[in-house]
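Student: Residue numbers (our numbering), protein chains in the order written: chain A, 1 to 395; chain B, 1 to 395; chain C, 1 to 395. By construction, the Cβ of each residue, glycine as well, lies at the ideal position given by its N, Cα and C atoms. Please read all numbers here as calculations on a predicted model, not as lab measurements. I have a structure I would like to understand better, so I am pasting it below and will then ask my questions one at a time.
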Amino acid sequence: MQQVFQTQFNTLSSLKTNMFNKDFLLTWDRSEDELKAVLTVAQLLKDMHKAGKSIRTFDTGLAISIFRDNSTRTRFSYASAANALGLGLSELDEEKSQIAHGETVRETANMISFLAEVIGIRDDMFLGEGHTYMREFGSAIQEGFENGILHQRPTVVNLQCDIDHPTQALADLMQLKNTFGSLENLRGKKIAMTWAYSPSYGKPLSVPQGVIGLMSRFGMDVSLSYPEGYGLIPDVIEQAKKQSAQSGGKFEIVNSMDAAFSNAEIVYPKSWAPFNVMQRRTVLLNSNDKPGLKDLEKECLANNAKFKNWECDEKKMKLTKKGEALYMHCLPADISGVSCAEGEVAKDVFEKYRLATYAEAGYKPFVIAALMFLTRMENPTEKMKQLLENNSGRR
Amino acid sequence: MQQVFQTQFNTLSSLKTNMFNKDFLLTWDRSEDELKAVLTVAQLLKDMHKAGKSIRTFDTGLAISIFRDNSTRTRFSYASAANALGLGLSELDEEKSQIAHGETVRETANMISFLAEVIGIRDDMFLGEGHTYMREFGSAIQEGFENGILHQRPTVVNLQCDIDHPTQALADLMQLKNTFGSLENLRGKKIAMTWAYSPSYGKPLSVPQGVIGLMSRFGMDVSLSYPEGYGLIPDVIEQAKKQSAQSGGKFEIVNSMDAAFSNAEIVYPKSWAPFNVMQRRTVLLNSNDKPGLKDLEKECLANNAKFKNWECDEKKMKLTKKGEALYMHCLPADISGVSCAEGEVAKDVFEKYRLATYAEAGYKPFVIAALMFLTRMENPTEKMKQLLENNSGRR
Amino acid sequence: MQQVFQTQFNTLSSLKTNMFNKDFLLTWDRSEDELKAVLTVAQLLKDMHKAGKSIRTFDTGLAISIFRDNSTRTRFSYASAANALGLGLSELDEEKSQIAHGETVRETANMISFLAEVIGIRDDMFLGEGHTYMREFGSAIQEGFENGILHQRPTVVNLQCDIDHPTQALADLMQLKNTFGSLENLRGKKIAMTWAYSPSYGKPLSVPQGVIGLMSRFGMDVSLSYPEGYGLIPDVIEQAKKQSAQSGGKFEIVNSMDAAFSNAEIVYPKSWAPFNVMQRRTVLLNSNDKPGLKDLEKECLANNAKFKNWECDEKKMKLTKKGEALYMHCLPADISGVSCAEGEVAKDVFEKYRLATYAEAGYKPFVIAALMFLTRMENPTEKMKQLLENNSGRR
Numbered sequence: 001m002q003q004v005f006q007t008q009f010n011t012l013s014s015l016k017t018n019m020f021n022k023d024f025l026l027t028w029d030r031s032e033d034e035l036k037a038v039l040t041v042a043q044l045l046k047d048m049h050k051a052g053k054s055i056r057t058f059d060t061g062l063a064i065s066i067f068r069d070n071s072t073r074t075r076f077s078y079a080s081a082a083n084a085l086g087l088g089l090s091e092l093d094e095e096k097s098q099i100a101h102g103e104t105v106r107e108t109a110n111m112i113s114f115l116a117e118v119i120g121i122r123d124d125m126f127l128g129e130g131h132t133y134m135r136e137f138g139s140a141i142q143e144g145f146e147n148g149i150l151h152q153r154p155t156v157v158n159l160q161c162d163i164d165h166p167t168q169a170l171a172d173l174m175q176l177k178n179t180f181g182s183l184e185n186l187r188g189k190k191i192a193m194t195w196a197y198s199p200s201y202g203k204p205l206s207v208p209q210g211v212i213g214l215m216s217r218f219g220m221d222v223s224l225s226y227p228e229g230y231g232l233i234p235d236v237i238e239q240a241k242k243q244s245a246q247s248g249g250k251f252e253i254v255n256s257m258d259a260a261f262s263n264a265e266i267v268y269p270k271s272w273a274p275f276n277v278m279q280r281r282t283v284l285l286n287s288n289d290k291p292g293l294k295d296l297e298k299e300c301l302a303n304n305a306k307f308k309n310w311e312c313d314e315k316k317m318k319l320t321k322k323g324e325a326l327y328m329h330c331l332p333a334d335i336s337g338v339s340c341a342e343g344e345v346a347k348d349v350f351e352k353y354r355l356a357t358y359a360e361a362g363y364k365p366f367v368i369a370a371l372m373f374l375t376r377m378e379n380p381t382e383k384m385k386q387l388l389e390n391n392s393g394r395r
Numbered sequence: 001m002q003q004v005f006q007t008q009f010n011t012l013s014s015l016k017t018n019m020f021n022k023d024f025l026l027t028w029d030r031s032e033d034e035l036k037a038v039l040t041v042a043q044l045l046k047d048m049h050k051a052g053k054s055i056r057t058f059d060t061g062l063a064i065s066i067f068r069d070n071s072t073r074t075r076f077s078y079a080s081a082a083n084a085l086g087l088g089l090s091e092l093d094e095e096k097s098q099i100a101h102g103e104t105v106r107e108t109a110n111m112i113s114f115l116a117e118v119i120g121i122r123d124d125m126f127l128g129e130g131h132t133y134m135r136e137f138g139s140a141i142q143e144g145f146e147n148g149i150l151h152q153r154p155t156v157v158n159l160q161c162d163i164d165h166p167t168q169a170l171a172d173l174m175q176l177k178n179t180f181g182s183l184e185n186l187r188g189k190k191i192a193m194t195w196a197y198s199p200s201y202g203k204p205l206s207v208p209q210g211v212i213g214l215m216s217r218f219g220m221d222v223s224l225s226y227p228e229g230y231g232l233i234p235d236v237i238e239q240a241k242k243q244s245a246q247s248g249g250k251f252e253i254v255n256s257m258d259a260a261f262s263n264a265e266i267v268y269p270k271s272w273a274p275f276n277v278m279q280r281r282t283v284l285l286n287s288n289d290k291p292g293l294k295d296l297e298k299e300c301l302a303n304n305a306k307f308k309n310w311e312c313d314e315k316k317m318k319l320t321k322k323g324e325a326l327y328m329h330c331l332p333a334d335i336s337g338v339s340c341a342e343g344e345v346a347k348d349v350f351e352k353y354r355l356a357t358y359a360e361a362g363y364k365p366f367v368i369a370a371l372m373f374l375t376r377m378e379n380p381t382e383k384m385k386q387l388l389e390n391n392s393g394r395r
Numbered sequence: 001m002q003q004v005f006q007t008q009f010n011t012l013s014s015l016k017t018n019m020f021n022k023d024f025l026l027t028w029d030r031s032e033d034e035l036k037a038v039l040t041v042a043q044l045l046k047d048m049h050k051a052g053k054s055i056r057t058f059d060t061g062l063a064i065s066i067f068r069d070n071s072t073r074t075r076f077s078y079a080s081a082a083n084a085l086g087l088g089l090s091e092l093d094e095e096k097s098q099i100a101h102g103e104t105v106r107e108t109a110n111m112i113s114f115l116a117e118v119i120g121i122r123d124d125m126f127l128g129e130g131h132t133y134m135r136e137f138g139s140a141i142q143e144g145f146e147n148g149i150l151h152q153r154p155t156v157v158n159l160q161c162d163i164d165h166p167t168q169a170l171a172d173l174m175q176l177k178n179t180f181g182s183l184e185n186l187r188g189k190k191i192a193m194t195w196a197y198s199p200s201y202g203k204p205l206s207v208p209q210g211v212i213g214l215m216s217r218f219g220m221d222v223s224l225s226y227p228e229g230y231g232l233i234p235d236v237i238e239q240a241k242k243q244s245a246q247s248g249g250k251f252e253i254v255n256s257m258d259a260a261f262s263n264a265e266i267v268y269p270k271s272w273a274p275f276n277v278m279q280r281r282t283v284l285l286n287s288n289d290k291p292g293l294k295d296l297e298k299e300c301l302a303n304n305a306k307f308k309n310w311e312c313d314e315k316k317m318k319l320t321k322k323g324e325a326l327y328m329h330c331l332p333a334d335i336s337g338v339s340c341a342e343g344e345v346a347k348d349v350f351e352k353y354r355l356a357t358y359a360e361a362g363y364k365p366f367v368i369a370a371l372m373f374l375t376r377m378e379n380p381t382e383k384m385k386q387l388l389e390n391n392s393g394r395r
């Protein structure tokens, strides 16, 4: 094995994981060792890819995706991960299917899974639904597996639900780890996860929830900030608080972008809809109440407009530690003067960190590949060893 | 070779087949040996998959699909089969193509087939069209092959046409073979292929036709049942009768679900549109006569409504042999109280057999893989031997 | 190495190319040696495929496609090439993406390219846009690569832009090379690239531009012909003239189909919209001026209708050398009495050459594969040697 990979491989060998045949839905369902294993495998796969090596671990097999909302980044990250590991991609396009007939999730889940290894699901629009759908899906294929319908138990990977966006948050964590040198170095560092103004409404809560739900595990000083009324799901806040206490970090909620930015080493300004608006919106969407939705949008946009000063600009960046905090975003950002008149971030701030945000996004394919690897390989350490030792390159 | 596979391999070796480079359109075009070879190869591939082995037989190559109607199960079965054998999937989406320009089938067939191994086609909506389209497609690529345009002759696999649904019927037959122990054990067993009430109309005839067209080959006692006026294509009925006589089975048509169920060991209650309605509907669809279609739908639904008692419920199930007949369905079923108010099958009956219907569906990917294998491999026995002897697993 | 491949391999070895990690956008950007290398690799890959060999050169990797216009042939050619070389296909469907948010090309280009090898783009509808988009895309991934965002520099392959359609023109050139025996034999041969009548308007200019831009490199006698007012992009005309002079060929523009056909050994009758109409159309499309577009269409169709006699019929074919010129078309053709009442070509002429046009189209998958091969392999000659020497077949 090349020395460059040996250290990471040793780290992986030292971690205790129990992820084989388990769904990956929320980061806070997994142990710290398991999260570290995800980061380590993702980094190993990324470094191998960069070195021109093949990271193929499957001869054949399907990676199925179900996107219930538009997506570019996550779609391509998933497609890239599947292909790199040797899986074929098959997308369930619900419009082209017979699911409208009133077919149950239970049935669909089994029907598409006979030869599947992984099912990636994105379902982030309706509060209370995405995560529930993934759980139902997981139960259905578990039943199918236990009854001999499915030869193997495929694993569900959450590609964004109403509660968490684990592949994004884990990619964000890799960006932090590599920027600051190690996970250990993140202890005590202040991260400002803050609402920002956007000329749209109804953006999902899962990105900020995913970030506070993950960063609070590693002793960081998490400052969550939003205008009054723009709260997140209370249970997730409680989870973050608890984890923060356990990991020796801090957790605060403030109602000022300036306060959050003050002395922060990382800032994550990102728009989202208030929790209670998402609740009302879900009711209206489910009853297909178009006038109601129109009214809600109008009300919310008017409310948003009161907070146009929640923009990440040069002046606010000066409040951060040495004025040099790392700016983060899951992309695409609403950039003032580029993609909208007034948005989440000023043009010059974004431009300064633009390539850094691309690098942040660049971890996602490998995080997804790591989740596939760890949930599909019975002995991931042994398999990784084989991959590192017998490798003739991609071309 | 592992002993567990040896018996089936010996069976395969003993069968005489001539399927290489031949389209697979109707089961009654193929010899009994060929059908047995399909079942045997499908079972071998399924058992190998279950044992974690790779069933890859292609290094590269395209499996093309043309779906002219919505589909989930068949789409995923085809995608799964293609991937498992090592083929890449490429779907012809007629909406995104230039075919609307008035391009001929002859041309399209060649244009998409330069590197294709298999073309799977589903075209089941218009009576008199699907099968004809597949034949035309086959002739076009035959011409292309004979004239050196195509390097090889891809094979067309019928994924459901107006006449037959061979991959479904063969999956159904595998379910029967495995439930009752052998094909030989099916002799004399009564199967009730019966119409059932559904709140929709215009369901294709190919499932019941496929079932009677295949089960009549194996000495079964086929009871076809439907309300007066809900007949199938007369030629298919004739074919089934003839085969029934040849195979030492029985064939009857009755107009009562109770009569069909009486002493049956297998029941297959499934809605379909009357043959003459499909004829009228095809004319209306081709002339794009929307008011005419609306009227026809109204008339048919009203007619269907007279037969709401054609539901497979507990009481009818009691009429079957020991009250324990095997319930079959191609899925999705119209389940009373689940996917509709009143439908083909009562909720409790369906629930009792739900997992059995999933298992039934689970044969389809391997039936399709077997058709790909047998129509693409010049010497399928030799190839199967290699697959069984040199196999290092899927991961 | 088999003798049959040795000659072509020797040719490839003798050519000087510099295509690794370079985009392939316009044929006139590449040297004569490079174009010859494309033809040689395409022919080798085609012959290997015909001989049942595998041409797989990648273990894993993505070939991404972006189709901003409908396509069948090019879509399947690209899918076929990608699969044959071992790449997975991933299509960017802009409707299902988040790109509508106002995301920049710069960002999208990087987001989808983390594990990509090749990006095939078709963008041919708006004059002044397709080629520009491809250049922007290329610059964006170059920046990403130079800044360590991308591990490798994927290459952009032009699958048709507003200026050139290089994969079509190169397939056309292969058809000519094989019909007349060698590139050298094309010297002095007259090719009539001529406008033809079609009942539609707004067909792209890139096919005729691609043909005159490529055939003028090989000493051919290029006769470009169109009704007054149906000119091509002036810069492309100038390029073709210059190349014609350099290669010892001829270049003329005439306003008569008969004049172009006279003594021609190759005819390529194909409809296109006048350059100035495409300019006006682009303005209207960009301002989404639907009444304006309707008016323009009406005006153009009325103008087109004056030139219905620009049809390639038996009588005009008699004007060609010995009445036996080779008829070419990129397909689908507007065939009088088949796909339209009056069109580009008479039914009997098309039928005579129909299989020849299929053969012409049959080069395209291999031309695309050759472009992938030459832009991705650092040492294509060495790689080709390996492919020829170690090959166990596709099945």
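For residue 170 of chain C, which of C/339, C/344, C/32 has the nearest alpha-carbon?
Tutor: Measuring from the Cα of residue 170 of chain C, the nearest candidate turns out to be C/32.
Student: In chain order, what residues of the same chain have a beta carbon less than 7 Å from the beta carbon of residue 128 of chain B, not counting five sequence neighbours either side?
Tutor: Hits under 7 Å: 162, 282.
Student: Find the residues of chain B that neighbour residue 362 of chain C, judging by a C-beta separation of less than 7 Å, and give them in chain order.
Tutor: In chain order: 114, 149.
Student: Spatial neighbours of residue 340 of chain C within its chain, please: C-beta separation below 6 Å, excluding the five flanking residues on both sides.
Tutor: If we look at residue 340 of chain C and ignore the five residues flanking it on each side, its Cβ neighbours are 199, 334.
Student: Mind checking whether residue 213 of chain B and residue 27 of chain B have CB atoms under 8 Å apart?
Tutor: Yes, Cβ-Cβ distance for residue 213 of chain B and residue 27 of chain B is below 8 Å.
Student: With a cut-off of 8 Å, does the C-beta of residue 62 of chain A fall near any C-beta of chain B?
Tutor: Chain B, which has a Cβ nearer than 8 Å to the Cβ of residue 62 of chain A, makes this yes.
Student: Would you please verify whether the beta carbon of residue 72 of chain A is less than 8 Å from any beta carbon of chain C?
Tutor: It does; some Cβ of chain C falls within 8 Å.
Student: Determine, for residue 179 of chain B, whether the minimum Cβ-Cβ distance to residues of chain C falls below 8 Å.
Tutor: Chain C contact via Cβ: absent.
Student: What three-state label does DSSP hand residue 421 of chain B in the structure shown?
Tutor: A query on residue 421 of chain B cannot be resolved here, the shown segment of chain B reaching from 1 to 395 and no further.
Student: Can you tell me whether residue 14 of chain B is buried or exposed, with buried defined as 16 or more other CB within 10 angstroms of its CB?
Tutor: Label assigned to residue 14 of chain B: exposed.
Student: On the DSSP bridge list, what partners appear for residue 327 of chain C?
Tutor: DSSP output for residue 327 of chain C lists C/267 as bridge partner(s).
Student: What first and last residue would you give for the beta strand (DSSP E) that runs through residue 118 of chain B?
Tutor: From DSSP, the beta strand (DSSP E) with residue 118 of chain B extends over 116 to 123.
Student: If you measure from the beta carbon of residue 100 of chain A to each beta carbon in chain C, is any gap under 8 Å?
Tutor: For residue 100 of chain A, the predicted model reports a pLDDT of 46, less than 50, meaning its position is unreliable; a value from the coordinates is still stated below. Closer than 8 Å: no.
Student: Would DSSP call residue 193 of chain A helix, strand or coil?
Tutor: In the structure shown, residue 193 of chain A sits in a strand (DSSP, three-state: E or B).
Student: Mind reading off the beta-carbon distance from residue 260 of chain B to residue 223 of chain B? Whole number of angstroms is fine, and I expect it under 8 Å.
Tutor: 5 Å between Cβ atoms; contact.
Student: Could you check whether the Cβ of residue 54 of chain C sits closer than 8 Å to any Cβ belonging to chain B?
Tutor: With 8 Å as the cut-off, residue 54 of chain C counts as an interface residue toward chain B.
Student: Using the beta-carbon of each residue, which ones in chain C are nearer than 7 Å to residue 136 of chain B?
Tutor: The contacting residues do not exist; residue 136 of chain B stays about 15 Å from chain C at best.
Student: Are three or more beta carbon pairs between the stretch 104 to 111 of chain B and the stretch 139 to 153 of chain B nearer than 8 Å?
Tutor: Because the criterion of three Cβ pairs below 8 Å is met, the stretch 104 to 111 of chain B and the stretch 139 to 153 of chain B touch.
Student: Enumerate, from N- to C-terminal direction, the unbroken alpha helix (DSSP H) stretches of 4 or more residues contained entirely within the stretch 29 to 105 of chain A.
Tutor: Listed in chain order, the complete alpha helix (DSSP H) runs (minimum 4 residues) inside the stretch 29 to 105 of chain A are 32 to 50, 73 to 85.
Student: Taking 8 Å as the threshold (beta carbon to beta carbon), is residue 58 of chain C in contact with chain A?
Tutor: Answer yes: the Cβ-Cβ gap between residue 58 of chain C and chain A drops below 8 Å somewhere.
Student: Using a Cβ-Cβ cutoff of less than 8 Å, which residues in the same chain neighbour residue 12 of chain C once the five nearest sequence positions on both sides are dropped?
Tutor: These residues qualify, in order along the chain: 37, 40, 41, 44, 380, 381, 384.
Student: Between residue 130 of chain B and residue 158 of chain A, what straight-line distance do the alpha-carbon atoms span, to the nearest angstrom?
Tutor: Each residue's alpha carbon lies about 40 Å from the other.
Student: Count the other C-beta atoms from every protein chain shown that fall within 10 angstroms of the C-beta of residue 304 of chain A, then say buried if there are 16 or more, exposed otherwise.
Tutor: Looking at its Cβ environment, which holds 16 or more other Cβ atoms inside 10 Å, residue 304 of chain A is buried.
Student: Pull out every residue of the stretch 35 to 55 of chain C whose Cβ sits closer than 9 Å to any Cβ of chain B, in chain order.
Tutor: The stretch 35 to 55 of chain C vs chain B, Cβ under 9 Å: 46, 49, 50, 51, 52, 54, 55.
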